[in-house]
Amino acid sequence: MALSSLDNLYRQVILDHSAHPHHHGHLQQVTNEIEMRNPTCGDVIQLEVAVFNDKINDIAFSGDGCTISQASASMMTDAVIGNTPAQAEEMVQVFSKMIIGDQPNLDTKILEDASVLNGVAKFPARIKCAALAWKALNNALTSNDGKGKAGQIVEHHDN
Amino acid sequence: MVKSLNQIRNDFPILDQKVNDEDLVYLDNAATTQKPRAVVEALAHYYYTDNANVHRGVHTLAERATADFEAAREKVRAFINARSTTEVLFTRGTTTSLNWIAASYGEKVIGAGDEIVISYMEHHSNLVPWQQLALRKKATLKYIKMTADGHLDMTDAAEQITDKTKIVAIAQVSNVLGVVNPIKALAKLAHEHGAIMVADGAQSLPNMPVDVQELDCDFLAFSGHKMLGPTGIGVLYGKEAILNEMPPIEFGGEMIDFVDLFQSSWKELPWKFEAGTPDISGAIGLGAAIDYLSAIGMANVQAHEQELVNYVLPKLLAIDDLTVYGPHDPAQHTGVIAFNLNGLHPHDLATGLDMEGVAVRAGHHCAQPLMKYLKVPATARASFYLYNTKADADRLVDAIVATKEFFKHGTV
Ligand SMILES: Cc1ncc(COP(=O)(O)O)c(C=O)c1O
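Residue numbers (the numbering used here), protein chains in the order written: chain A, 121 to 279; chain B, 4 to 415.
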């Protein structure tokens, strides 16, 4: 097996997103924001969202992390921009199910590029890396005052 | 060595397996070591033949269990050359040992304006208990600086430790930088200022001879699981005079002398600190681990690891784009080697190595202040032990190079 199996995780599009992340930086106007950490590895993401007229007008992230967490954040921003918060929430749900990998027939079309992160299911140690940005989005959008509670990502116990 | 490397490897069945279709190379020994048959069999033997609660029965099994448990304490005493078994307390591990010192000794002696001196390279276990104690008591927490190559700066130590200092707490071996800190010299400095010396031995006890009388430290904390023993058992060594002055941290069964309705008195050392049923099998397993290490000889363990470091460190330093933390002179470096491939997060590197069957750690190694000091979010870390070989070292180097190529070219 050796390194060739890495291809299942690090698809070219993932490496591209990580090397040149989309929506990386900060926004002028922010309605929802959050910082999330992965305490086991020290990864951290700051997420800023601008929701106007029930639409995610703009979104940006910054922070430190591995290839998987950076690519996942980049793909997440691409996927949710222009959607309603409710649609984004649905994407978060689909993404969470996908990376756990126990539903082979899951429809992941709405995730766009991010659907290639399905390979992470075979790398249980890396599931949290992929989940970080999505969890952050979820927390930022569901907090009442838009100030998502800064938090930590906890273990996925599903497998 | 008394045993050949092959014989040693045969004592560790877990090493003989494939991981991701490759022969396992286990290089995460600083996190926890594997267990030899002798330790697993000691646990099985205890549960199959001797299991009973200790210090509370008159029946034969209770006697045997108590004798086994106390025999393990004597093995620990001899291993660290403590004066008496009254100075050897069983705990859950290094973390619990250090917390006990802070909660009992620290709580008693630290007052507002007093100083506690630690270093930037401390594991969170030897940092957060002191930080919280300092916050509770309005005391000052001070950090000894490091030299450019990752050694403790002893000139700065002499400045940081003052007459206000009550506690100096330093790791004997860093779990990231692979340096050995001069505990004996630090203890001398501390004592000159009326402070006590706490040594975090989590990474030293497994790898080198340690003699508490020679070091003259007042406390030494370590974990069984990092030295071939089971998880859940650790040791707090303390000088008897100091332990006698310390109040117990936990109260309950096993630790009491007499209990009245409104007051109680405590057992003598070491039992005064060991409330409740202890980890009996853990202590027995640790005793078996100490027997195993002693048969090989700690000087031989250390020499073997040094030989591996002499072999692998130059090879790692020769890899383009690989940054190695801590001293680059192999003679100054223990078998704990932290590194990063430039431009690649250590998680990605560790996943690559895992696919090649090489188990290393990636992350902040419970040393976030050190990561900040080094200005990196995290590192990868390989840590060698007595069962590792030069072939393991080659596998590590090859896997790093292959992973580097993978991420450069996007595919293999
Ligand atoms: C230097 C050092 N101190 C303390 C600890 C904590 O040991 P434990 O988790 O066994 O309590 C470790 C282990 O990671 C360590 O390396």
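Heads up, the beta-carbon is just placed ideally off N, CA and C, and yes, glycines get one too.
Sorted by chain position, which residues of the same chain lie with C-beta nearer than 6 Å to B/I287's C-beta, five sequence neighbours on each side aside?
A45, Y49, D71, A75
Please identify, using Cβ separations under 9 Å, the residues of the segment 237-254 of chain A that lie next to chain B, in order along the chain.
F243, A245, R246, C249
Express the C-alpha separation of B/G355 and B/A365 in angstroms, rounding to a whole number.
11 Å
Could you give the residue range of the alpha helix (DSSP H) that holds B/V131?
131-140
What span of residues does the alpha helix (DSSP H) with B/M157 cover, start to end?
Counted as a single uninterrupted DSSP element, the alpha helix (DSSP H) harbouring B/M157 occupies residues 157-163.
Tell me which residues share the same chain as B/Q10 and place their Cβ nearer than 6 Å to its Cβ, disregarding the 5 neighbours each side in the sequence.
none
Please name the residues in the segment 353-364 of chain B whose beta-carbon is closer than 9 Å to at least one beta-carbon of chain A, in chain order.
From the segment 353-364 of chain B, only A353, T354, G355, D357, M358, E359, G360 have a Cβ closer than 9 Å to chain A.
Looking at B/K169: is its Cβ nearer than 8 Å to the Cβ of B/I119?
yes
Is the segment 129-148 of chain B in contact with the segment 75-86 of chain B, if contact means three or more CB pairs nearer than 8 Å?
Three or more beta-carbon pairs separated by less than 8 Å are not found between the segment 129-148 of chain B and the segment 75-86 of chain B, which leaves the two stretches without contact.
When you compare the CB of B/A405 with every CB in chain A, is at least one pair closer than 8 Å?
Among the CB atoms of chain A, one or more fall inside 8 Å of the CB of B/A405.
Using a 10 Å radius around the Cβ and a threshold of 16 neighbouring Cβ atoms, would you call B/I123 buried or exposed?
The question names Ile, but residue 123 of chain B is Tyr in the sequence shown. Taking a 10 Å sphere around the C-beta of B/Y123, we find 16 or more other C-beta atoms and assign the residue as buried.
Taking DSSP's pairing of strands, which residues face B/I173 in a bridge?
Per DSSP, B/A202.
With a cut-off of 8 Å, does the C-beta of B/M149 fall near any C-beta of chain A?
no
Does B/D351 come within less than 8 Å of chain A when only Cβ atoms are used?
yes
Who's in the neighbourhood of ligand 1, going by beta-carbon under 5 Å from any heavy atom, listed in chain order?
B/G96, B/T97, B/T98, B/H126, B/S128, B/A174, B/N178, B/D203, B/A205, B/Q206, B/S226
Are the CB atoms of A/T187 and A/I134 within a distance shorter than 8 Å?
yes
With distances taken from CA atoms, which of B/M374, B/D351, B/F222 is nearest B/A402?
B/D351
With a threshold of 8 Å between beta carbons, is B/D24 in contact with chain A?
Taking Cβ atoms only, chain A reaches closer than 8 Å to B/D24, which makes this a yes.
Can you check whether the C-beta of A/H277 is within less than 8 Å of a C-beta belonging to chain B?
No answer about A/H277 holds up, because its pLDDT of 38 lies below 50 and its placement is not dependable.
With distances taken from CA atoms, which of B/H367, B/A190, B/E243 is nearest B/E217?
B/A190
When we look at the beta-carbon of B/K411 and count the other beta-carbons within 10 Å, is it buried (16 or more) or exposed?
exposed
Whole angstroms is fine: what's the gap from B/G436's alpha carbon to B/D152's?
Given that chain B is displayed from residue 4 to residue 415, the structure contains no residue 436 of chain B and the question cannot be resolved.
8 Å is my cut-off, CB to CB: does A/L123 come that close to chain B?
Judged by the 8 Å Cβ criterion, A/L123 is in contact with chain B.
Which residues of chain A have a Cβ atom closer than 7 Å to the Cβ of B/F409, listed in chain order?
L123, L126
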